[in-house]
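Chemist:
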Amino acid sequence: MLRLDRVSIERGGKPILDGIDLEIRRGSITAIVGPSGIGKSSLLATLNGLLRPASGTLSVDGIGPLRTPASLLAHRRGSATVFQEHALIARLSALDNVLLGLADRRHPLSPLPWPRAMREEALAALAEVGLLGKALDPVARLSGGERQRVGIARALVRKPRLLLADEPFASVDPALAERLAAEFLRLVREHALTLVIVLHQLDLARRLAERIVGLGDGRVVFDGSPERFDAAAQERLFPLHSAPESTPP
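Position 238, counted from 1, in the sequence shown is what this note's numbering calls 439; the numbers after and before it change by one each time, with no gaps.
What follows is the structure in structure tokens.
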């Protein structure tokens with residue numbers, strides 16, 4: 202579905218990743234792991250077209266290389282992202298926040314209410330994550346776990362082919378992270394999505410993903426199944442036993 206050929210990534214003129222070759226198969230679940238600051242989020246931003254590679258090519262099945270505004274727009278319409286800090290508007294209701302996932306389907310200056318069909322789609326997405334009863338509640342009144350579910354619903358309402366997630370369980374307690382991860386995986390499989398997820402909880406990465414890609418020193422240093430991500434592979438990514446906790450603090 203996605204192919205990176207010799208992709209190098211910079212932020213603020215500073216090299217982050219260099220010469221990345223990576224293929225993401227349609228329908229696969231891939232976890233990106235590595236030390237803090239190594240470039241995991243930058244790689245995700247490149248995959249969704251928000252960050253352009255400094256060099257190399259990102260290609261998408263059915264679209265081709267992402268070199269023009271039209272190709273980037275087509276790619277973004279088929280993808281969605283779940284963020285670590287939810288990226289919600291606290292004063293708006295859960296329903297209105299989910300509707301923002303459909304903002305590219307109507308004129309940005311339209312003074313008209315959201316069409317009934319779009320509102321029904323947003324309500325259906327909230328129902329999928331178990332929050333239909335809180336559709337009209339301001340996000341500011343929701344718990345951390347509920348806010349994360351709203352973020353997931355906002356991504357699902359786009360009906361994406363590709364779902365990207367940037368440490369979606371990092372800001373909740375370990376028990377809730379486990380429940381959210383199980384629910385998240387169920388939704389990904391039910392919708393037959395291609396998922397690329399950045400995780401710092403290595404135990405969740407092993408359980409959720411079919412493939413783990415480890416980043417270190419600006420390159421891919423591990424690419425294989427969770428079964429192959431053993432202690433030696435973990436030591437290469439996190440030397441001197443500096444691996445993150447298996448669950449968030």
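All C-beta atoms, glycine included, are put in the ideal place defined by N, C-alpha and C.
#1: Below 8 Å, how does it come out for the segment 353-367 and the segment 276-284: are there three or more Cβ pairs, yes or no?
#2: Roughly how many angstroms lie between the CA atoms of Val-421 and Ser-237, to the nearest whole one?
#3: Are there 16 or more other CB atoms within 10 angstroms of the CB of Leu-310, so buried, or fewer, so exposed?
#4: Report the three-state DSSP secondary structure of Glu-411 (helix, strand or coil).
#5: For the segment 247-288, list the alpha helix (DSSP H) runs that are entirely contained and at least 4 residues long, ordered along the chain.
#6: Just the Cα atoms here: how many angstroms apart are Val-234 and Ile-264?
#7: Please report how far the alpha carbon of Arg-407 lies from the alpha carbon of Pro-312, in whole angstroms.
#8: Note down the Cα distance separating Arg-390 from Ser-256, rounded to an integer number of angstroms.
#9: With DSSP as the reference, label Ser-209 as helix, strand or coil.
#10: Is the beta carbon of Leu-203 less than 9 Å from the beta carbon of Ile-230?
#11: Using the Cβ count rule (16 or more neighbours within 10 Å means buried), how would you classify Gly-415?
#12: Using alpha carbons as the reference points, say which of Gly-240, Gly-228, Ala-232 and Asp-374 lies closest to Asp-219.
#13: Going residue by residue through the segment 302-370, where are the continuous beta strand (DSSP E) segments of at least 3 residues, counting only ones entirely within it?
Modeler: Taking the geometry as given:
#1: yes
#2: 15 Å
#3: exposed
#4: coil
#5: 270-278
#6: 28 Å
#7: 47 Å
#8: 34 Å
#9: strand
#10: no
#11: buried
#12: Gly-240
#13: 363-367
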